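Visitor: In this text, residue positions in the sequence shown follow this note's numbering: the first is 378, and each later residue adds one.
The structure that follows is given in the form of structure tokens.
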Amino acid sequence: MKYLITALLFIYSLQTQAGKVDDGVITKLAINKNIGNTVFIYTNEAKDTDPQCQTNHAWRYVLELQTDIDKSLFSMLLAAKAGGAKVRLNGNSLCDTFSSVETLRYVEIKP
Numbered sequence: 378m379k380y381l382i383t384a385l386l387f388i389y390s391l392q393t394q395a396g397k398v399d400d401g402v403i404t405k406l407a408i409n410k411n412i413g414n415t416v417f418i419y420t421n422e423a424k425d426t427d428p429q430c431q432t433n434h435a436w437r438y439v440l441e442l443q444t445d446i447d448k449s450l451f452s453m454l455l456a457a458k459a460g461g462a463k464v465r466l467n468g469n470s471l472c473d474t475f476s477s478v479e480t481l482r483y484v485e486i487k488p
């Protein structure tokens, strides 16, 4: 039981460290062929918090383009960048796509 509680607290602490951008504008997108099918994202607004694994601050988030949902998120990022729209972005609190940048999990284009 003690180990279960410890594990749950650890998982909860990871979730509370997920970075969020509320009113950002995407200023930079990049894909590096040597890294793979991965998009790096930068906004004019800093995230409210970074997970401990985020040591590369040249980028806010990274998104691996593997699934149709990933590609839909990328389409939204491109549309927001092209239109200069404000976005809300949330990470997953992990650097599981690129070891030093938080993985993106949510995109919202604001009105």
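C-beta atoms are modelled at their ideal positions from N, C-alpha and C, and glycine is treated no differently.
In this text, all values refer to a predicted model and were calculated from it rather than measured experimentally.
#1: Rounded to a whole number of angstroms, what is the C-alpha to C-alpha distance between L391 and S470?
#2: Could you pull the start and end residues of the beta strand (DSSP E) that A407 belongs to?
#3: Please list, in chain order, all residues of the same chain as T432 whose beta carbon is under 6 Å from its beta carbon, the five residues on each side excluded.
#4: Which parts of the segment 417-468 are runs of the beta strand (DSSP E), unbroken and 3 residues or longer, counting only runs that do not cross its ends?
#5: When you compare only the Cα positions, how much space is there between G401 and L466?
Guide: On the basis of the supplied data:
#1: Residue placement at L391 is flagged as unreliable, the pLDDT there being 49, under the threshold of 50; the coordinate-derived value follows with that caveat. In this structure, the CA atom of L391 is about 6 Å from the CA atom of S470.
#2: Taken as a continuous stretch (DSSP letters only), the beta strand (DSSP E) holding A407 covers 397-408.
#3: Excluding sequence neighbours, T432 sits near S477.
#4: Correct list: 438-441, 463-468.
#5: Whole-angstrom Cα-Cα distance: 8 Å.
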